[in-house]
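Student:
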Amino acid sequence: MNALLKQLTEVNGVSGDEKAVRLLLRDLIKDHVDDYWADAVGNLIALKKGTGESDLRVMVDAHMDEIGLVVKSDGSDGTLEFDKLGGIDNRTLSGKVVHIGKDKIPGVIGLKPVHQSSIRERSAVPSDLRIDIGANKKEEINGKVKISDHVAFVSSYTELGPTAIGKAFDDRAGCAAIVELLRGERYPFDLYAAFTVQEETGMAGALVASYRVKPDVAVVLECTPAYDLPNEKDVSANTKLGAGPCIYVMDNRTMHDPRLVKHVMESAEKHHIPFQIRQPGGGGTNAGKIQQAHIAVPVVTVGLPGRHAHTPNGMISLDDYKNYVKLADAALRELTRDTITRNS
Ligand SMILES: [Zn+2]
1276 MNALLKQLTE VNGVSGDEKA VRLLLRDLIK DHVDDYWADA VGNLIALKKG TGESDLRVMV
1336 DAHMDEIGLV VKSDGSDGTL EFDKLGGIDN RTLSGKVVHI GKDKIPGVIG LKPVHQSSIR
1396 ERSAVPSDLR IDIGANKKEE INGKVKISDH VAFVSSYTEL GPTAIGKAFD DRAGCAAIVE
1456 LLRGERYPFD LYAAFTVQEE TGMAGALVAS YRVKPDVAVV LECTPAYDLP NEKDVSANTK
1516 LGAGPCIYVM DNRTMHDPRL VKHVMESAEK HHIPFQIRQP GGGGTNAGKI QQAHIAVPVV
1576 TVGLPGRHAH TPNGMISLDD YKNYVKLADA ALRELTRDTI TRNS
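Residue numbers (this note's numbering): 1276 to 1619.
1. Alpha carbon to alpha carbon, how far is V1333 from A1295? Give it in angstroms, no decimals.
2. Are there three or more Cβ pairs, one per stretch, closer than 8 angstroms when the stretch 1320–1339 is compared with the stretch 1448–1467?
3. Just to check my reading of the structure: L1360 and L1344 have Cβ atoms closer than 8 angstroms, yes? What is that Cβ distance to the nearest angstrom?
4. Could you tell me which of A1571, L1435 and V1494 sits nearest to V1539, measuring between CA atoms?
5. On the CB-based measure, 16 or more other CB atoms within 10 Å of its CB, does N1506 come out buried or exposed?
6. Could I get the ranges of all uninterrupted beta strand (DSSP E) runs contained in the stretch 1330–1399, with 3 residues as the minimum, in chain order?
7. Give the range of the alpha helix (DSSP H) segment to which H1538 is assigned.
8. For ligand 1, is there a heavy atom less than 7 angstroms away from the beta-carbon of C1498?
9. Could you tell me whether the Cβ atoms of E1415 and D1446 are closer together than 8 angstroms?
10. Return yes when the Cβ of G1441 is within less than 8 angstroms of the Cβ of S1430, no when it is not.
11. What number of angstroms, rounded off, separates the C-alpha of I1342 from the C-alpha of A1443?
12. Following a CB-centred definition, is H1531 positioned closer than 7 angstroms to any heavy atom of ligand 3?
13. Go to G1556, then tell me how far its alpha helix (DSSP H) extends in each direction, as first and last residue.
14. I'd like to know if the stretch 1467–1481 and the stretch 1303–1323 are in contact, where contact means that at least 3 CB-CB pairs between them fall below 8 angstroms.
15. Secondary structure at R1458, three-state DSSP: helix, strand or coil?
16. Taking the alpha carbon of V1308 as the reference point, which residue from R1458, R1405 and I1408 has its own alpha carbon closest?
17. Hey, is D1302 close to ligand 1, as in C-beta under 7 angstroms from one of its heavy atoms?
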């Protein structure tokens, strides 16, 4: 059982409410870094000093937040209206168990039963979902939950042979990978680890972290949708489970730095680490903000393929995860000023 992945995916940290993740990460890294602090927006930034061989400032980013919900009504009919934090498809929500607020009040997302629904209702995307906490009237809800409470999905980490199921691999897998990097040997340069907030709701954390760290180079570690189940037509931006970590070239927000893309591919080849190129198009990562921060930052994203992205239960390959950490480590260790120097 991968204890880091279990701990990091079972803690709740819906966008804007990442404190529990930050405190857990702080405890996981504090004995392995030279300095760490939380900034004004709630990012956790850590410095692992280098050996002094290189004067590069390198930032590695993973976001702490996960998709979830927020309460937006006071429960006048005994149930709670909600809004979504991050990209969530309503079709994935009915019947899911959630925890509300810091006291983790349990609830279930309810929908009209199939028995009472018309064919038309059953084929439509549900728009009348509510969180049911078992209260018959508003008075029973009072005091238990309030408008603006964050709502997290409940899911336990399970390993099934070569794969693992759980919530929030996006992007706690990236956070776990950075913890592993920080626990390793020093790099030739100062490495700043940015565990960032609010990626799912606009990437505010990564922007703030980039201005604070002012890196020469940044590497984003993400969990990337893998839509590789049998389908008739393969046209989506895509990766495959079990084919190794993926390297981004371009997505909807970023042209990743071609020198860094080449560098990461060469590191993979040199160390015989399997990898795939993420299909261009679709989506976006913190790279979009980091690239445009400060005086502009060369950036590349390395992703761990994850099935059933942005639902309460995703799936990853444990071999992909091992190779993801290996590739991030190898690419960082071989990074030099020459990698990002332009000759013309
Ligand atoms: Zn993500």
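We put the CB at the ideal spot given by N, CA and C, even for glycine.
Tutor: Here's the rundown:
1. 26 angstroms
2. A contact is defined here as three or more CB-CB pairs under 8 angstroms, and the stretch 1320–1339 meets this definition with respect to the stretch 1448–1467.
3. With a contact defined as Cβ atoms closer than 8 angstroms, L1360 and L1344 qualify at about 6 angstroms.
4. V1494
5. exposed
6. 1332–1338, 1343–1346, 1357–1360, 1372–1375 and 1380–1385
7. In the DSSP annotation of this structure, the continuous segment of the alpha helix (DSSP H) that includes H1538 starts and ends at P1533 to K1545.
8. yes
9. no
10. yes
11. 8 angstroms
12. In terms of ligand content, the structure shown lacks ligand 3 and carries ligand 1 instead.
13. Run containing G1556: none; DSSP gives neither H nor E here.
14. yes
15. coil
16. Measuring from the Cα of V1308, the nearest candidate turns out to be R1458.
17. no
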